[in-house]
Every structure is written in structure tokens, then in C-alpha cells.
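Engineer: Throughout the sequence shown, residue numbering follows numbering that gives the first Met the number 0, covering 0 to 502 in sequence.
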Amino acid sequence: MVEFSTARINPVARRTDCLVLGVYDRRELTPSAQRADEAAGGVLGQVLADGDLSPAGGSTALVHRPPGLPAKRVVLVRLGARAGLDDRAFRRAARSAARAVAGTGSRGAADLLAEAEVGGGGGDEAWRVRTVAEAYGDAVYRFGEGKSEKDAASGPSLRRVAIHSAGGRPDARAGARRAVAEAAAIDAGKRLARDLGNRPGNVCTPSHLAECAAALAEELEAVSTEVLEEERMRELGMGALLAVARGSREPPKLIVVEYAGGAADEAPVVLVGKGVTFDSGGISIKPAAAMDEMKFDMCGAASVLGAVRAAAELGLPLNVVSVVPAVENLPGGRACKPGDVVTSLSGQTIEILNTDAEGRLILCDAISYAERYDPDTVIDVATLTGACIIALGHVASGLFTNCRELGDALRAAAARSGDSCWELPVWPEYEEALKSNFADVANVGGRPAGSVTAAVFLSRFARERRWAHLDIAGTAWESGKNKGATGRPVPLLVQFLIDRAGR
Ligand code: BES
Ligand code: MN
Ligand code: ZN
Numbered sequence: 000m001v002e003f004s005t006a007r008i009n010p011v012a013r014r015t016d017c018l019v020l021g022v023y024d025r026r027e028l029t030p031s032a033q034r035a036d037e038a039a040g041g042v043l044g045q046v047l048a049d050g051d052l053s054p055a056g057g058s059t060a061l062v063h064r065p066p067g068l069p070a071k072r073v074v075l076v077r078l079g080a081r082a083g084l085d086d087r088a089f090r091r092a093a094r095s096a097a098r099a100v101a102g103t104g105s106r107g108a109a110d111l112l113a114e115a116e117v118g119g120g121g122g123d124e125a126w127r128v129r130t131v132a133e134a135y136g137d138a139v140y141r142f143g144e145g146k147s148e149k150d151a152a153s154g155p156s157l158r159r160v161a162i163h164s165a166g167g168r169p170d171a172r173a174g175a176r177r178a179v180a181e182a183a184a185i186d187a188g189k190r191l192a193r194d195l196g197n198r199p200g201n202v203c204t205p206s207h208l209a210e211c212a213a214a215l216a217e218e219l220e221a222v223s224t225e226v227l228e229e230e231r232m233r234e235l236g237m238g239a240l241l242a243v244a245r246g247s248r249e250p251p252k253l254i255v256v257e258y259a260g261g262a263a264d265e266a267p268v269v270l271v272g273k274g275v276t277f278d279s280g281g282i283s284i285k286p287a288a289a290m291d292e293m294k295f296d297m298c299g300a301a302s303v304l305g306a307v308r309a310a311a312e313l314g315l316p317l318n319v320v321s322v323v324p325a326v327e328n329l330p331g332g333r334a335c336k337p338g339d340v341v342t343s344l345s346g347q348t349i350e351i352l353n354t355d356a357e358g359r360l361i362l363c364d365a366i367s368y369a370e371r372y373d374p375d376t377v378i379d380v381a382t383l384t385g386a387c388i389i390a391l392g393h394v395a396s397g398l399f400t401n402c403r404e405l406g407d408a409l410r411a412a413a414a415r416s417g418d419s420c421w422e423l424p425v426w427p428e429y430e431e432a433l434k435s436n437f438a439d440v441a442n443v444g445g446r447p448a449g450s451v452t453a454a455v456f457l458s459r460f461a462r463e464r465r466w467a468h469l470d471i472a473g474t475a476w477e478s479g480k481n482k483g484a485t486g487r488p489v490p491l492l493v494q495f496l497i498d499r500a501g502r
């Protein structure tokens with residue numbers, strides 16, 4: 000991990016392993032790059048003149064031992080045209096700069112990208128400082144647990160990053176310091192979410208999630224954990240959750256993590272996270288291809304634990320409760336079957352037509368359980384439907400809500416954090432698809448609008464609460480050669496909590 004700090008950085012005097020400077024269009028240097036170029040006798044300008052920095056936004060060039068500068072290296076980053084520099088272009092440049100720095104042997108770096116003015120959606124200095132810091136957190140993250148020790152040690156050597164802020168008035172300095180603290184907390188939350196997501200299904204079981212939640216309470220002030228065992232869930236009547244757990248030898252857990260940062264009588268935000276530690280599909284078994292990726296089916300759970308960790312680290316003045324229904328979905332002699340009818344905690348009966356639509360079965364009981372906290376807001380987070388990947392790809396999470404104001408708040412948080420989401424409807428017309436001849440509701444609604452019918456199913460259990468659902472099937476992890484958990488939507492959730500605490 001990297002440690003972040005912020006200060007007014009003088010590019011011609013800074014002793015650092017790596018100086019990070021921006022370049023606009025063509026040969027237009029940012030002010031600090033210009034000063035560094037003058038001190039270095041024009042070598043930076045020469046890099047551009049020689050065509051070594053591609054015109055594409057986010058491209059980088061490394062200059063080793065620049066003459067006349069105390070820095071060991073300079074990384075030049077293409078920001079793109081100064082006039083059109085928006086939040087997306089800035090974030091992209093910050094991220095590739097961080098990757099370039101992490102690819103060198105630098106132990107420390109001084110990054111001046113935050114001096115650039117950013118138009119478009121929210122580009123104040125605090126935002127720029129935080130965006131730069133978060134980029135370094137991502138660039139150095141490695142998951143080495145499964146590798147031999149030699150491999151595990153081969154990650155980036157970068158440990159400290161100083162991020163430029165112009166300083167000036169005390170409130171500007173305080174803003175930059177807060178930005179760095181937010182970045183560090185979001186980074187810690189994301190690392191927790193990614194580690195849990197990346198851990199294999201034979202390690203990251205429901206019991207493991209429960210242990211990690213307990214460790215959070217040990218470590219963090221104002222955080223406490225409670226774990227409900229199978230027997231208690233049976234007493235309460237969580238027939239939907241327990242139906243999913245039946246096929247596995249791993250005992251299910253209902254994990255509750257509370258962060259009490261607000262007044263005792265203040266209604267909490269409840270974050271519900273899908274914790275299917277492996278989703279084989281159950282009796283409605285999935286095809287073999289890429290089934291390993293169903294170890295990531297607990298990324299919703301991981302993200303709500305990460306969000307609580309970040310809220311606690313920041314000491315946000317509000318109450319947050321994370322509720323994680325954790326199960327493994329396997330076929331077996333006692334597994335639930337298509338056609339089974341179960342009674343949920345809400346009293347509604349559910350016909351399980353497809354055992355692979357298990358997420359909504361555990362979430363509906365967790366959402367009903369959240370009622371006992373008399374929450375102000377309930378947000379569930381789940382790798383719920385493959386259909387969401389078809390709709391939105393790997394760019395935006397699906398957003399569903401029964402409350403306009405909550406939808407606006409989540410969209411604003413997505414824009415500021417860069418952790419995008421896009422809204423899809425939860426209209427009563429879609430309820431038709433979930434009709435059952437044998438129970439109050441069926442757990443699947445056919446292929447059309449699969450993400451919407453899943454959300455509509457959940458909305459029946461949220462009832463009149465202010466509720467939103469984030470479908471992170473396409474955003475929680477990456478496939479292919481960079482296969483791994485992304486930590487999303489921790490940035491979105493934490494931004495939402497920060498905004499809510501500050502209002
Ligand atoms: N965990 C999956 C959803 C999923 C699939 C996420 C692939 C990411 C990648 C979920 O439990 C599931 O299996 N959903 C089914 C629902 C269907 C049976 C109605 C799906 O999407 O196919
Ligand atoms: Mn499934
Ligand atoms: Zn699933």
C-alpha cells in the first residue's frame with residue numbers, strides 16, 4: 000500500500016524518486032512542467048519535439064536522471080487539450096501516470112497533476128488531489144496470497160506519494176488534507192473488498208466472511224459485529240436464505256456489522272451485500288466455462304464491508320449497518336430444487352423456479368431483516384444478473400430505486416467518485432413476469448429485462464422503505480488476463496456516505 004500526503008511541491012527543488020508532470024496538447028507544458036523544463040535545460044521539451052510522448056490522452060514518457068533537477072526521474076503524462084480537460088480525461092491521465100510510476104523502481108513520488116484545471120463534472124482541487132491519490136492506490140494493489148513467496152514480493156516498490164496542492168487559504172489546505180484522508184479510507188475499503196473477492200472459494204467461505212467482519216470490529220472504534228447462525232435464522236423464519244444454503248456443507252451466516260458514528264437515535268443507512276461465496280447455480284447448474292469466476296459472487300458483501308471500514312476510518316458522523324447474507328450455492332442431496340416453495344422472512348411465499356437465481360433469495364430475507372433497524376435508507380449491492388452485463392457492460396453498475404431523491408444522491412456520488420452507475424426502471428408493469436401459480440411470487444421472470452425483474456422482485460421486500468439496488472455483475476471484477484476484483488462500488492458507497500454525513 001502507499002501512504003499519501005499533500006503539500007505545495009516545487010518541481011525544481013523537490014528531491015524525489017519520481018516527479019510526475021502534465022503535458023497538455025502538442026507541446027504545451029503545464030506550468031510546473033515548464034519550470035522543470037527550464038531548470039533541466041529543455042530536455043522535457045526535447046522529449047516532445049522528438050515525438051516520444053504520444054498525443055493520445057493518458058500516454059506517458061519516462062525521463063531518467065533529468066539534468067538540473069534533484070528528481071531521479073520524471074514521468075510526463077499527456078492530459079490532452081487544456082480547454083476540453085474534463086473529469087474523465089483527468090482520471091484516465093492520473094491512472095496511467097500512477098501505473099507508469101509503479102512500473103519504475105521508485106519508492107517515493109511527487110505528483111503535480113492536480114495543478115491542472117478540470118472542467119465538466121466537479122473538478123475542484125480537493126477532487127483532483129483525491130483522484131490522483133486513488134489512482135496510486137489502484138496502481139500498487141497486488142493480490143499475492145496464492146503465490147509462492149518470491150512472486151508475492153515482486154510488486155511495485157512505491158510506498159509514499161506526495162500530491163501537489165496549491166495551498167493558499169487555510170480552507171484550501173484543509174480541503175486537500177481531507178481529500179488525502181478520504182482517498183486513504185476509500186483505498187483501505189477497496190483493498191479489503193478486493194482481497195475478499197480475490198480469495199478462492201475454498202478459503203473465502205461464509206465462515207471466513209464472518210471472521211473478517213469480527214476482525215473489523217476488533218480493529219475499529221465504534222464498529223461492532225454480530226453473526227446469526229443457521230439455527231437462529233430458522234427461528235426467525237428466513238426460509239428463502241436457508242433454501243439456498245441447503246445444498247452446501249458450509250454453514251450459512253447472517254453477518255451484521257454496525258458502525259455507530261452518529262447520534263444513538265439517528266436512523267441508520269443499511270447496506271445489504273450479496274455474499275454468495277461460490278455460485279455453482281445449484282441444481283440449475285451453470286455451464287463449466289468461467290465458473291471459477293463465481294467465487295466473485297460475494298463482491299457485494301465485500302463492498303459493503305469495505306464501505307463500513309472507510310466510514311469508520313473517516314469517523315463520519317452517521318450510523319451505518321452492513322447486513323451480509325453469506326451462503327455457498329451448491330447442488331447436493333439436500334439442495335433446493337426447481338419447483339420448491341419456501342416462505343421468506345417477510346411471510347411472502349416464493350416458488351424457486353431456478354436455483355441459480357439465488358442472490359435475490361438471500362437478499363430478500365436480509366432486506367426484511369434490515370427492518371429491525373428502522374433504517375432511513377436501505378441500499379443492497381449484488382452481483383445479481385448476467386443480464387446487467389448485457390445491458391451496461393463493464394462500465395456502469397445498474398441502479399434501481401423506488402425513491403427519486405435517493406437515486407439523485409447515488410448518481411451524484413457516482414459522478415464525483417468516477418464509480419459510474421446508470422438507472423434502469425422498477426415499474427409495476429414488470430411484476431407480471433414474476434407471477435406464480437403455486438406461490439405469491441416466482442424467483443425468475445424469464446429472459447426479457449432480467450436485471451429489472453430481479454430488482455422488481457427485491458422491491459417487494461423493501462416495501463415502503465427508501466431503497467436502492469446496485470447490480471454490480473459487470474463492475475465488481477475484471478475477467479481475462481487482469482482477472483481480479485475491482486473494489487467497486489466502494490468509492491460510490493463511500494462518497495454517498497460522505498455526502499450524507501455532510502448535509
Ligand atoms: N451470480 C449470478 C449473476 C452473474 C452471472 C454475475 C455472471 C456475473 C456474471 C446470479 O446468481 C445468477 O446466476 N443469475 C442468473 C439469473 C437467472 C437464472 C434468472 C443469470 O443472470 O443468469
Ligand atoms: Mn446464480
Ligand atoms: Zn449468484
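Virtual Cβ for every residue (Gly too), placed ideally from N, Cα, C.
Which of helix, strand or coil does DSSP assign to F495?
Structural biologist: Helix at F495.
Engineer: Within the same chain, show all residues whose beta-carbon is closer than 7 Å to that of N9, passing over the 5 residues directly before and after it, in chain order.
Structural biologist: Nothing listed; no residue qualifies.
Engineer: Return yes when the C-beta of N436 is under 8 Å from any heavy atom of the ligand ZN, and no when it is not.
Structural biologist: No, the Cβ of N436 stays beyond 8 Å of every heavy atom of the ligand ZN.
Engineer: Is F437 buried or exposed, if buried means 16 or more other CB atoms sit within 10 Å of its CB?
Structural biologist: Per the 10 Å Cβ criterion, exposed.
Engineer: Taking the straight line between their C-alpha atoms, what separation do you get for A390 and G272?
Structural biologist: Straight-line Cα distance between these residues: approximately 21 Å.
Engineer: Just how far apart, CA to CA, sit S343 and D194?
Structural biologist: Distance between the alpha carbons of S343 and D194: 32 Å.
Engineer: Checking 9 Å against the spacing of the C-beta atoms, do P324 and L409 come in under that value?
Structural biologist: Contact: no.
Engineer: At the level of alpha carbons, what is the spacing between K71 and L219?
Structural biologist: Near 39 Å, if we compare the C-alpha coordinates of L219 and K71.
Engineer: Is the closest heavy atom of the ligand MN to the C-beta of V590 under 8 Å?
Structural biologist: As shown, the chain starts at 0 and ends at 502. That puts residue 590 outside it, with no answer to give.
Engineer: Please classify W476: is it buried, with 16 or more other beta-carbons within 10 angstroms of its beta-carbon, or exposed?
Structural biologist: It counts as buried.
Engineer: When you compare the region 362 to 375 with the region 453 to 467, are there three or more beta-carbon pairs, one atom per stretch, that lie closer than 8 Å?
Structural biologist: Yes, they touch.
Engineer: Label W126 either buried or exposed according to how many other C-beta atoms from any shown protein chain fall within 10 Å of its C-beta, with 16 as the threshold for buried.
Structural biologist: Buried.
Engineer: Is the region 308 to 328 touching the region 260 to 277, taking contact as three or more C-beta pairs under 8 Å?
Structural biologist: Because the criterion of three Cβ pairs below 8 Å is met, the region 308 to 328 and the region 260 to 277 touch.
Engineer: Using the three-state DSSP reduction, which class does H207 fall into: helix, strand or coil?
Structural biologist: Helix.
Engineer: Residues in its own chain within less than 7 Å of A80 by CB, not counting five upstream and five downstream?
Structural biologist: Y23 and D24.
Engineer: Tell me whether the beta-carbon of Y429 lies closer than 9 Å to the beta-carbon of V455.
Structural biologist: For Y429 and V455, yes; Cβs fall inside 9 Å.
Engineer: In three-state DSSP terms, what is T382?
Structural biologist: Looking at T382 - three-state DSSP - the assignment turns out to be coil, as it is neither helix nor strand.
Engineer: If I185 and V489 are in contact, beta carbons under 8 Å, what's the gap, nearest whole angstrom?
Structural biologist: The pair is a contact, with the Cβ atoms about 6 Å apart (cut-off 8 Å).
Engineer: State the Cα-Cα distance for the pair V256 and Q494, rounded to the nearest angstrom.
Structural biologist: The alpha-carbon atoms of V256 and Q494 are separated by roughly 19 Å.
Engineer: Going by CA-CA distance only, name the one from D137, V226 and I284 that's closest to G188.
Structural biologist: Among D137, V226 and I284, the Cα nearest to that of G188 belongs to D137.
Engineer: Would you check if the region 416 to 425 and the region 352 to 361 touch, i.e. whether three or more CB-CB distances between them fall below 8 Å?
Structural biologist: No: the two stretches stay apart, fewer than three of their Cβ pairs being nearer than 8 Å.
Engineer: Across the region 150 to 169 and the region 106 to 113, are there enough close Cβ pairs to call them in contact, namely three or more that are closer than 8 Å?
Structural biologist: Cβ pair count under 8 Å is three or more, so yes.
Engineer: How big is the Cα-Cα spacing for R502 and A306?
Structural biologist: Taking the straight line joining both Cα atoms gives about 19 Å.
Engineer: Under three-state DSSP, which class holds S4?
Structural biologist: Correct three-state label for S4: strand.
Engineer: Specify the secondary structure class of R72 as computed by DSSP and reduced to three states.
Structural biologist: Reduced to three states, the DSSP call for R72 is strand.
Engineer: Given a cut-off of 9 Å, decide if N328 and S279 are closer than it, judged by their beta-carbon atoms.
Structural biologist: Yes. Within cutoff.
Engineer: May I ask you to list the residues that DSSP assigns as paired with L275?
Structural biologist: Residue 275 is actually Val in this sequence, not Leu. Looking at the DSSP assignment, V275 forms a beta bridge with V326.
Engineer: Is D296 near the ligand MN - that is, is its Cβ less than 8 Å away from at least one heavy atom of it?
Structural biologist: D296: yes, Cβ under 8 Å from the ligand MN.
Engineer: If you measure from each residue's Cβ to the nearest non-hydrogen atom of the ligand BES, which ones come out under 5 Å, in chain order?
Structural biologist: Going by the Cβ distance cut-off, the answer is D278, D296, N353, D355, A356, G358, T382, T384, G385, V443 and A472.
Engineer: Should S478 be labelled buried (16 or more other beta-carbon atoms within 10 Å of its own) or exposed?
Structural biologist: The residue is exposed, with fewer than 16 neighbouring Cβ atoms inside 10 Å.
Engineer: Can you tell me whether DSSP reads E116 as helix, strand or coil?
Structural biologist: Of the three classes helix, strand and coil, the one that applies to E116 here is coil, per DSSP.
Engineer: Under the assumption that L78 contacts A310 (Cβ atoms under 8 Å), give the Cβ distance between them as a whole number of angstroms.
Structural biologist: With a Cβ gap of about 33 Å, L78 and A310 do not count as contacting.
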